[in-house]
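**Student:**
There are 2 protein chains.
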Amino acid sequence: MEPALDATDRKILSELVANARLPITELARRVGLSKTPVAARIKAMEEMGLITGYRAILSPLKLGMTHVTYLEVRLSDTRERALAAFNAAVRAIEEVEECYMIAGGFDYLLKVRSRDMADYRRIMGEKISALPHVHATSSYVAMEAVVEQSWMSL
Amino acid sequence: MEPALDATDRKILSELVANARLPITELARRVGLSKTPVAARIKAMEEMGLITGYRAILSPLKLGMTHVTYLEVRLSDTRERALAAFNAAVRAIEEVEECYMIAGGFDYLLKVRSRDMADYRRIMGEKISALPHVHATSSYVAMEAVVEQSWMSL
DNA sequence: CCTGAAAAATTATTCGC
DNA sequence: GCGAATAATTTTTCAGG
Numbered sequence: 001m002e003p004a005l006d007a008t009d010r011k012i013l014s015e016l017v018a019n020a021r022l023p024i025t026e027l028a029r030r031v032g033l034s035k036t037p038v039a040a041r042i043k044a045m046e047e048m049g050l051i052t053g054y055r056a057i058l059s060p061l062k063l064g065m066t067h068v069t070y071l072e073v074r075l076s077d078t079r080e081r082a083l084a085a086f087n088a089a090v091r092a093i094e095e096v097e098e099c100y101m102i103a104g105g106f107d108y109l110l111k112v113r114s115r116d117m118a119d120y121r122r123i124m125g126e127k128i129s130a131l132p133h134v135h136a137t138s139s140y141v142a143m144e145a146v147v148e149q150s151w152m153s154l
Numbered sequence: 001m002e003p004a005l006d007a008t009d010r011k012i013l014s015e016l017v018a019n020a021r022l023p024i025t026e027l028a029r030r031v032g033l034s035k036t037p038v039a040a041r042i043k044a045m046e047e048m049g050l051i052t053g054y055r056a057i058l059s060p061l062k063l064g065m066t067h068v069t070y071l072e073v074r075l076s077d078t079r080e081r082a083l084a085a086f087n088a089a090v091r092a093i094e095e096v097e098e099c100y101m102i103a104g105g106f107d108y109l110l111k112v113r114s115r116d117m118a119d120y121r122r123i124m125g126e127k128i129s130a131l132p133h134v135h136a137t138s139s140y141v142a143m144e145a146v147v148e149q150s151w152m153s154l
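Below, the structure is given as structure tokens:
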């Protein structure tokens, strides 16, 4: 599950995370190898599932999707079957960028991205409230993105 | 700030978010245009800052970085100058994947990715506690990633 | 603004060493 | 892992609708 990566592999990954379209020629130059082994290393890391894909990153600002809300959700039923149902339903909501089951205090923490507050209310009303076994929620609105990580499916 | 995007632009973005390395030939086929306008649209969206870059996405599991903790932080000083200092300092911590200033309840919410709990304690001790103006913190440990979004710099 | 196609440049892959 | 040859892709350009 945890493959051994040498310093060169790490350097390659680091470069590709920063720029997925970096030409292999340039990548090889930066890591101090020729193109052949660099291409082979990338392919191997793709095939072992370490690199899961390559994505374009979009600007939430330019898309008018700057409104971020964190949503604590407590469930009325926390048995395995209810959790599985909740998980499946939450994965189907495209506005939910992240969702983690949390230990202590509340059950789930969701990150929701929307166009504005009105859009968030719509998402709450149409989608969040339709999730199974929801007992209570608390919304925390982000005022400023200090460190942001987001890709959007549109 | 919010450019008008037609359905074709949205389709292009959607495809590139799913796969940043999709050849333009195939992309053109999928959106029903020839290569020329598709390439021009991509370049335009890059230049207007709508597409901010292309990233390889890595598997937290394969990298042994599955431990996610959310950290509420309250500051002792919430004047503009203190906030700016905090923001700058938190941006320098690579383990902080996300950080939002929050309205109501607490001041900041940080998402921290680490190798395991011991690693998280190290990050807390060495980096979080060195942040300026921190008054109090609460950590919430993720037990399961239901919807995850993450890229790692290594 | 798009199509279709050709030419030029760049990039990726293959293979002998 | 190297380096050269080969294959594929992207970029640019342009005439025409």
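From first to last, the protein sequence lines are chains A and B.
For the first sequence, UniProt numbering assigns the number 1 to the initial residue and increments by one for each residue that follows.
For the second sequence, UniProt numbering assigns the number 1 to the initial residue and increments by one for each residue that follows.
Even glycine gets a Cβ: it sits at the ideal position worked out from N, Cα and C.
1. At a Cβ cut of 8 angstroms, what residues of the stretch 11 to 25 of chain B count as close to chain A, listed as they run along the chain?
2. Rounding to the nearest angstrom, what Cα-Cα distance links T36/A and L154/B in this structure?
3. Alpha carbon to alpha carbon, what distance is there between A18/A and R21/B?
4. I need the DSSP call for K43/B, collapsed to helix, strand or coil.
5. If you measure between the beta carbons of I57/B and E95/B, is that distance less than 8 angstroms?
6. Using a Cβ cut-off of 8 angstroms (strictly closer), state whether K62/B contacts chain A.
7. I'd like the ranges of any alpha helix (DSSP H) spanning at least 4 consecutive residues and lying wholly in the stretch 24 to 83 of chain B.
8. Within 10 angstroms of the Cβ of D6/B, are there 16 or more other Cβ atoms? Answer buried if so, exposed if not.
9. Which residues, in chain order, does the stretch 42 to 59 of chain A contribute to contact with chain B at a C-beta distance below 8 angstroms?
10. Please state if the CB of A82/A and the CB of L71/A are separated by a distance shorter than 8 angstroms.
11. Please confirm if E95/B has its CB atom under 8 angstroms from at least one CB of chain A.
12. Can you tell me whether S153/A is helix, strand or coil according to DSSP?
13. In three-state DSSP terms, what is A20/B?
14. Taking DSSP as the reference, what is the three-state secondary structure of I93/A?
15. In chain B, what lies closer than 9 angstroms to M1/A by C-beta?
16. Quick one, which of T8/B, G32/B and T66/B has its alpha-carbon nearest E2/A's?
17. Excluding sequence positions up to five away, which residues of its chain have a Cβ less than 8 angstroms from the Cβ of A44/A?
18. Going along chain B in order, which residues have a C-beta closer than 9 angstroms to the C-beta of Y140/A?
19. When DSSP labels each residue in this structure, what does K127/B get in the three-state scheme?
**Tutor:** Let me lay it out:
1. L13, S14, L16, V17, A18, N19, A20 and R21
2. Approximately 23 angstroms, taken between the alpha carbons.
3. 14 angstroms
4. helix
5. no
6. At least one chain A Cβ lies under 8 angstroms of K62/B.
7. 24 to 31 and 35 to 47
8. exposed
9. Correct list: M48, G49, L50, I51, T52, G53, Y54, R55, A56, I57, L58 and S59.
10. no
11. no
12. coil
13. A20/B falls in the coil class under three-state DSSP.
14. In this structure, I93/A counts as coil in the three-state DSSP scheme.
15. L61, K62 and G64
16. T66/B
17. none
18. Y100, I102, A103, G104, G105, F106 and L109
19. K127/B sits in coil when the DSSP states are folded into three classes, being neither helix nor strand.
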